[in-house]
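Per the numbering used here: the sequence shown ends with 513, consecutive numbering throughout.
The beta-carbon is built from N, C-alpha and C at its ideal position, and this holds for glycine as well.
This report refers to the structure that appears directly beneath it.
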Amino acid sequence: MRYALVNEERHEAEPGLSGTCPGCGQPMIAKCGDQRIHHWAHRGERTCDPWWEPETLWHRNWKGQFPEPWQEIILRDKSGERHIADVRTELGLALEFQHSHIRPLERQAREAFHRNMAWIVDGTRRKRDLPRFEDGRRSIRPSPWQGIYTTPVPHECFPRDWLDSAVPVFFDFAGTDPVGPRTGVERRLLWGLMPGRADGHAVIVALDRQRLVLAARTRPQIVAAHKIVGTLDARFRAARVQAMIEARRYSSVWAWRRGRPRRRTARF
Ligand SMILES: [Zn+2]
C-alpha cells in the first residue's frame, strides 16, 4: 500500500519507518528496496484486503493523478470484510487499476461491491493484448458521436476475461511509457469497453488520459455508459427495421416488374 498511519497520519513508506494499517490497525513495515516500488506491507504474510494486488509503478502513476485523500479508501462490505478502493472520488466513483490477472468471480464481486466504478486495465502486461487490439481495431466503426465506436466482434479487440464486465473497462496500452502527440492512437488513448451491447454490438469510448482523469475527477461517472449504449441500441434497431422494410419494398417491386406478384407465388 502507498499509505500507512504514522502518528495517526497517512504517511508514505520511508526506510526504517513503521506504521499501522489504516484498515485493520495491524503493524506495517516500510518496504524500500530496489526491486519494487516503495510501499507498506503488513507484518504478516497476508493483507487485510483479499482483493489487494501488489502495486507497480503503473498503479502509482495512475493513483497520483488524483488528490491524496481519494487514494486507498477503505470500505467495508455487508459481512464486514475490508476492501481498499485504489481511488474513490468525492462523487462516489471508484477506480480500480488492474495490472494482474483477475478471476471472473472476483471481478464480478468487486463490480457488485462498488457498483459505480470503472476499471483501468494495464494492457501492457500480456504481450498479445496490444497486437490483438491493433488488428481488431479494423472492425471498429465510427458512430455519429466523436470518440464513440462500435464493433460486432469485441473479442477480436479485447481480452476475453473483460468482455462481460458490468462497468466500463478502459484499456491502457501505453503502461508506464511516456505518451506524446506522436504516439500512435492505440497507445495514446484509453480504449473503454462499455457494459452491455447495442443490438449485439460492443460500444467503445476512446478518451485521452487528461480527459479521462478530468472526467473522473469532476463527474459522477467517466462516461454515461448506459445512456450511450441505450442510444446506440435504439439506432441499430431502427436501422435494422428500416432495412427490412426496404428489402421488402424492393423485393415486391422486383416481383412486380417480372410480372409475378409475390402474393401469387406464396400460394400453394
Ligand atoms: Zn490491514
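Residue i - containing beta strand (DSSP E), residue span
i, result
"Arg255", "Glu254 to Glu257"
"Ala451", "Ala447 to Asp453"
"Leu438", "Leu434 to Leu438"
"Phe416", "Val414 to Asp417"
"Val251", "Tyr248 to Val251"
"Ser388", "Unbroken run through Ser388: none, as it is neither H nor E."
"Ser410", "Taken as a continuous stretch (DSSP letters only), Ser410 belongs to no beta strand (DSSP E), as it is neither H nor E."
"His284", "His284 to His287"
Heavy atom of ligand 1 within 6 Å of residue i beta-carbon
i, result
"Gly289", "no"
"Cys277", "no"
"Gly558", "Within the shown structure, residues of the chain are numbered from 246 to 513, placing residue 558 beyond reach of any answer."
"Cys293", "yes"
Simplified DSSP assignment, three categories, for residue i
i, result
"Met273", "strand"
"Gly264", "strand"
"Thr428", "coil"
"Thr395", "strand"
"Ala492", "helix"
"Ala461", "helix"
"Ala469", "coil"
Ligand 2 heavy atom lying under 6 Å from the CB of residue i
i, result
"Gln271", "With respect to ligand 2, the structure shown offers nothing to examine, as its ligands consist of ligand 1."
Delimiting residues of the alpha helix (DSSP H) encompassing residue i
i, result
"Leu375", "Asp374 to Gly381"
In chain order, what are the residue ranges of uninterrupted alpha helix (DSSP H) at least 4 long that sit wholly in the segment 302 to 369?
302 to 308 and 349 to 359
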